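Residue numbers (the working numbering), protein chains in the order written: chain A, 40 to 281; chain B, 1318 to 1745.
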Amino acid sequence: MSGPLISIDRLTRHYVVGGETVRALDGVSFDIGQGEWVAIVGQSGSGKSTLMNLLGCLDTATSGTYRLNGADVETLSDDALADLRNREIGFVFQTFQLLPRATALANVELPLVYRGLPRRERRALAETALRQVGLANRMHHRPNELSGGQRQRVAIARALVGDPSILLADEPTGNLDSQTGEEIVRLFGELHARGHTLILVTHEPRLAARCPRAIKLMDGRILGDGPGAEVAALQATRAVGT
Amino acid sequence: MTEAARPDRPRRARRGVIRLASETGEGLRIALSALVSNTLRSLLTTLGIVIGVMTVIAIVAIIDGLNQSFATQMGGLGAHTLYVSKWKWIMSGNDWWEQRNRKDMGRAEFEAVSREATLATAVAPFVSLDATLTSGQAELTRVRVRGTNQDYEVANGVTVAAGRFLSPPDVELSRSVMVLGPNLSDKLFPGLPAAEVVGRRLRVMGRPFTVIGVQTRRGRLMGLDLDSEATLPWTTFLRDMGAKRTISLAVTSEPGQGQALEDQLIGILRRVRRVPPGKPDDFSVNRQEQLQRLYHQLTGALYGVAIGVGLITLLVGGIGIMNIMLVSVTERTREIGVRRALGARRRTILLQFLVESSLVSMLGGAVGTALGFLVAWLLALTTPLAAAVTPGAVGLGLGFSAAVGLLFGSWPAWRAANLDPVEALRYE
Ligand SMILES: Nc1ncnc2c1ncn2[C@@H]1O[C@H](COP(=O)(O)OP(=O)(O)OP(=O)(O)O)[C@@H](O)[C@H]1O
Ligand SMILES: [Mg+2]
């Protein structure tokens, strides 16, 4: 398996709303290698979520190419995309998106159900994942019996459990207080150190600055792509400039 | 590529099976937890199904009950017996007015048939009325009292549990003897076994009679209690209870000779009753088949009602299911988005909601089946109708409701499966 993990080329995503075309993404190209930790930053409406949905194979581009692990995502069927999400992508959402009636353990097992693993194997893997995020003693709690930080940890365990190629997080700290957010960021740091590939959307320059690499979007185009501290600073100077 | 794929195939097949099994299990689990957390709503939703299935099951149980007692009766009665009477069993239009004016049948007809019907194996005259029976302990009003002869035993499939049936001397000598149905025996001589009832005395319309036999239990026929009959020699009947009554004849042939016997009987009777050539018969030859046909028409109509009522209420119930499933899909839009993001295929979501809708519907079907049998049982207790629980009816109730769930759940499930994952995740 040579070449980058993710390779996108002139990717666009247009929405037609009331006869008018919104260029949510307008020709974006970059590569992300195995084991990278990349922040995607930009103002509200700049196209971050749109990009994440494309990278996560939840949505398909209007034009351009997306190669994930050497596979051409554009050509895949709906079922194949579902399987690809199941194997290659781990999602962490801003609003956690846990199933309210299921226990932490059952939530974490879910991707493995769709992978067709036998029950016992699912159990064991889910327990390991929950232990990794420090929730060994909360496995049988339901989401409403957990704190915000704990819920996000369950969501991260669910994203990790299937050992995906990429962890995609859209504003994972957006619904948490700063201290809990810091815990989650530290957890991401650990995962990065263990070799996971992480892509996270954030609007916090401080968080972006801590990532080895950041990509800044503006109006659906790339404004900057480089070391986190620099791109975050770029954001800062522009903020001063305007 | 093919080389690599080959050893992989059994494993992939196995995974597919596990995946399907665990997805169905997951679907069941989700459906159950959705049901539990919305118990009241689920119950209200399934009310249509409950009522529909209840109606169908109650009617089917009653038909099954009728079938069972009818079959018993028909088995008991001689299938080759012809019943000659002034009355036609199944009348239509103004038959009744025409038949009322027919000449009564009497001894002359019986004697002619006994003498001349060479194809007959048994000829039993019978005549009946409702009378009051009294024993030392009890008085029974409106008891069906029948006068006949020894051949009635063969012609009508009667058997005795104790004692004996009427004998030729009983008839010739017009003895005051009587054979009782088991229900009469129980009521007139409470607590006495059949064997001890034989030899007891009782009174009919004030006249003394001796019990010579007790019949075996036969059950009910279309609401008719066949175990509450009192049988005595017809000669005694005509002497004590009025000679002016019209009699009927039960005539039996060898198997396969029914039609020939009928022709022979018609010939004899037309002559004895002096029916001019060209005029229609002034009597009727009835067969059990006619009763059977009437019975099948009746149950057929009942089935029609059951199907009609069932379909309408199940349609209403199905629309209820569809409605609640659409609500459920909307409520769980984000959950569907999450599942899709985690790797659920469209058909996985489809399966999940189909499992849920058929489970809801089957729950209603199960409740409806239970209530239906309860209704049928109550009807059987309070009316002359019978009721029977058959596995077929239970299967019908559950299968029907599952089918309704699948049918009406498919549109909501299809909608759920085709939600756009991004939109679904963003849904507030
Ligand atoms: N389904 C849609 N239909 C039409 N326009 C859309 C749709 N989704 C996004 N857009 C538009 O695309 C642009 C980019 O949206 P996107 O959600 O990617 O922004 P974002 O960078 O994630 O913003 P935020 O930081 O507020 O989450 C916006 O102008 C938005 O209005
Ligand atoms: Mg966004």
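Glycine included, every Cβ here is placed at the ideal spot set by N, Cα and C.
Here the structure is a predicted model, which is why all the values come from computation and not from measurement.
Listed by chain order, chain A residues near residue i by CB distance under 8 Å
i, result
"B/E1673", "Those do not exist, as B/E1673 stays about 13 Å from chain A at its closest Cβ, beyond 8 Å."
"B/L1659", "R124, N125, F130, L149, P150, Y153 and R197"
Beta-carbon contacts of residue i that lie in its chain and below 7 Å, excluding the five residues immediately before and after
i, result
"A/R197", "N146, V147, L149 and P150"
"A/K87", "I79, G81, V240 and L256"
"B/G1369", "G1627, T1630, L1631, G1634 and G1685"
"B/D1412", "K1405"
"B/R1651", "A1741, L1742 and Y1744"
"A/L137", "N146, P182, R190, V193 and A194"
"B/W1728", "M1639"
"A/D209", "S88, M91, F132, Q133 and V240"
"B/R1556", "S1491"
Local conformation of residue i per DSSP, three classes
i, result
"A/S102", "strand"
"A/A21", "Nothing can be reported for residue 21 of chain A: it is not among the residues displayed for chain A, which extend from 40 to 281."
"B/L1357", "helix"
"B/Q1532", "strand"
"B/D1580", "helix"
"B/N1500", "helix"
"A/E160", "helix"
"A/R192", "helix"
"A/T114", "helix"
"A/L199", "helix"
"B/F1427", "helix"
"B/N1603", "strand"
"A/F135", "coil"
"B/G1627", "helix"
"B/V1633", "helix"
"B/Y1400", "strand"
"B/E1546", "strand"
"B/V1515", "coil"
"B/G1682", "helix"
"A/A278", "Its pLDDT being 46, under 50, A/A278 is placed unreliably by the model, and nothing is read from it."
"A/I261", "strand"
"B/I1407", "coil"
"B/P1525", "strand"
Within chain A, partners of residue i - CB distance below 7 Å
i, result
"B/G1711", "The sequence given here places Val at residue 1711 of chain B; Gly does not occur at that position. Neighbours of B/V1711 on chain A: none; closest Cβ ~32 Å, over 7 Å."
"B/R1662", "D118 and A121"
"B/T1665", "Y153"
"B/E1343", "V152"
Cut-off 6 Å between Cβ atoms - residues of its own chain near residue i, not counting five sequence neighbours on either side
i, result
"B/T1533", "T1476 and A1478"
"B/G1635", "V1721 and F1725"
"B/S1674", "I1638, M1642, G1722 and G1726"
"A/T212", "G220 and I223"
"B/E1575", "One detail in the question is off: residue 1575 of chain B reads as Gly in this sequence, not Glu. H1397, listed in sequence order."
"A/G259", "R62, A63, L64, D65 and G86"
"A/V56", "none"
"B/G1689", "M1371, I1374 and A1375"
"A/G263", "K255, V270 and L273"
"B/R1332", "none"
Close-in-space but distant-in-sequence residues of the same chain around residue i (CB under 8 Å, 5 per side omitted)
i, result
"A/I261", "V67, S68, F69, I254 and K255"
"B/T1449", "E1456, L1457, T1458, R1459, V1460, V1521 and M1522"
"A/R161", "E148, L151 and V152"
"B/A1623", "T1372, V1373, I1376, V1377 and I1380"
Under 9 Å by beta carbon: chain B residues contacting residue i
i, result
"A/G155", "R1331, R1332, G1333, V1334, I1335, R1336, L1337, A1338, S1339 and E1340"
"A/I98", "It is worth fixing the name first, because residue 98 of chain A is Asp in this sequence and not Ile. Within 9 Å Cβ-Cβ: D1737, P1738 and V1739."
"A/Q136", "R1651, E1652, G1654, V1655, A1658 and L1742"
Amino acids of chain B, ordered along the chain, whose beta-carbon sits closer than 8 Å to that of residue i
i, result
"A/N92", "V1739"
"A/R158", "S1339"
Whole-angstrom C-beta distance between residue j and residue i, which should lie under 8 Å
i, j, result
"B/W1551", "B/V1488", "7 Å"
"A/G72", "A/L44", "6 Å"
"B/G1498", "B/E1546", "5 Å"
"A/T104", "A/I47", "7 Å"
Proximal chain B residues relative to residue i, where beta-carbon distance stays under 7 Å
i, result
"A/R140", "S1350 and S1354"
Does the count of Cβ pairs from the region 1428-1444 of chain B and the region 1462-1470 of chain B closer than 8 Å reach three?
-> yes
Validate contact between the region 1573-1580 of chain B and the region 1445-1460 of chain B using beta carbons, cut 8 Å, 3 pairs | No: the two stretches stay apart, fewer than three of their Cβ pairs being nearer than 8 Å.
Taking three-plus beta-carbon pairs below 8 Å as touching, is the region 1561-1574 of chain B in contact with the region 1501-1511 of chain B?
-> no
When the Cβ atoms of the region 129-145 of chain A are set against those of the region 1649-1665 of chain B, are three or more pairs found closer than 8 Å?
-> The region 129-145 of chain A and the region 1649-1665 of chain B touch, with no fewer than 3 CB-CB distances between them shorter than 8 Å.
Flag this pair as touching only if the region 1550-1564 of chain B and the region 1417-1433 of chain B have three or more C-beta atom pairs under 8 Å; answer yes or no.
-> yes
Three or more beta-carbon pairs under 8 Å between the region 1592-1601 of chain B and the region 1339-1347 of chain B, yes or no?
-> no
Check whether the region 1369-1388 of chain B touches the region 1695-1704 of chain B, counting contact only when three or more Cβ pairs, one atom from each stretch, lie closer than 8 Å.
-> yes
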